[in-house]
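To keep things clear, I will list the structure first and then write my remarks on it.
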Amino acid sequence: NAGVTQTPKFQVLKTGQSMTLQCAQDMNHEYMSWYRQDPGMGLRLIHYSVGAGITDQGEVPNGYNVSRSTTEDFPLRLLSAAPSQTSVYFCASSYSREPGNTIYFGEGSWLTVV
Amino acid sequence: AQSVAQPEDQVNVAEGNPLTVKCTYSVSGNPYLFWYVQYPNRGLQFLLKYITGDNLVKGSYGFEAEFNKSQTSFHLKKPSALVSDSALYFCAVSSAWVYNTDKLIFGTGTRLQVFP
């Protein structure tokens, strides 16, 4: 059972470039989300999805786009990369959006924008 | 607004000694509390959670946490620390479902360093 799988693990982008971080889960979870982790700030929610075809904004959505065409996949797109988007990105999933459900995280994607 | 505080950036403890990583929270309604651990260059791994019931929750790798409603705390504990416990620990809280605000609020993390 792979759990939550993210690719790539490491990426360097130039300012203005676009890219997509891939995320897939094989646990048939309805709820998926993207977080970014920055030193001293914990994890902040970027976007989330409560099921296929449904997405919504989190705490820090600007500069990012998501889609959820299938239950399994939840890619995160950086539209025009900026140095402020240098961060570690985590995809996560849980059985449902109900707050008591455990959220499971991927291994992370380290992104540097130069 | 929901919030979580981890007052210590780093906790140092000798191997074999008991360890405590502190967490306090503020939410409206009943809290759902979580602890996660992050090893270097890895994702967050779930350790334990409190939803309801017994205030002492046991989790993975010998960790436990005590929910204290009056002090709004959820401290992580282990009776005997191992060097391999050295990692970054995150406390997180969520509360009753409210549309568009259902999210897990994370603390800023506490780095645990266990010395041989």
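Chains as they are written, first to last, in my numbering: chain A, 1 to 114; chain B, 1001 to 1116. Just so it is clear, CB atoms sit at the ideal spot from N, CA and C, and this is done for glycine as well.
- Pairing A1014(B) with R68(A), the inter-Cα distance amounts to about 47 angstroms.
- By the neighbour-count criterion, in which a residue is buried when 16 or more other Cβ atoms sit within 10 angstroms of its Cβ, Q1038(B) is buried.
- For M27(A), no beta strand (DSSP E) segment is defined, and its DSSP state is neither H nor E.
- In the DSSP assignment, T15(A) is bridged to no other residue.
- Under the 10 Å beta carbon count, Q85(A) is surrounded by 16 or more other beta carbons and is classified as buried.
- Taking 7 angstroms as the Cβ-Cβ cut-off, the segment 31–43 of chain A approaches chain B at G40, M41, G42, L43, given in chain order.
- In the three-state reduction of the DSSP assignment, G58(A) falls in the coil class, being assigned neither a helical nor a strand state.
- Residue K1022(B) holds the alpha-carbon nearest to the alpha-carbon of V1004(B) among K1077(B), Q1010(B), K1022(B).
- Within the segment 1012–1043 of chain B, the runs of beta strand (DSSP E) that reach at least 3 residues and sit entirely inside it are, in chain order, 1019–1021, 1024–1026, 1032–1038.
- CA-to-CA, the gap between V1083(B) and T1110(B) works out to about 16 angstroms.
- Distance from the CA atom of L1088(B) to the CA atom of P1040(B), rounded to whole angstroms, is 8 angstroms.
- Note that the C-beta distance between A24(A) and T55(A) is not below 9 angstroms.
- Residue contact with chain A for N1041(B): present (Cβ-Cβ distance below 9 angstroms to some residue of chain A).
- Of all alpha-carbon atoms in V88(A), A82(A), S109(A), the one lying nearest the alpha-carbon of G16(A) is that of A82(A).
- DSSP places Q6(A) inside the beta strand (DSSP E), whose first and last residues are 4–7.
- Counting the other Cβ atoms within 10 Å of the Cβ of A1065(B) gives 16 or more, which makes it buried.
- Counting C-beta pairs closer than 8 angstroms gives three or more between the segment 1050–1062 of chain B and the segment 1019–1034 of chain B, which meets the contact rule.
- Around the Cβ of P1007(B), a 10 Å sphere holds fewer than 16 other Cβ atoms; the residue is exposed.
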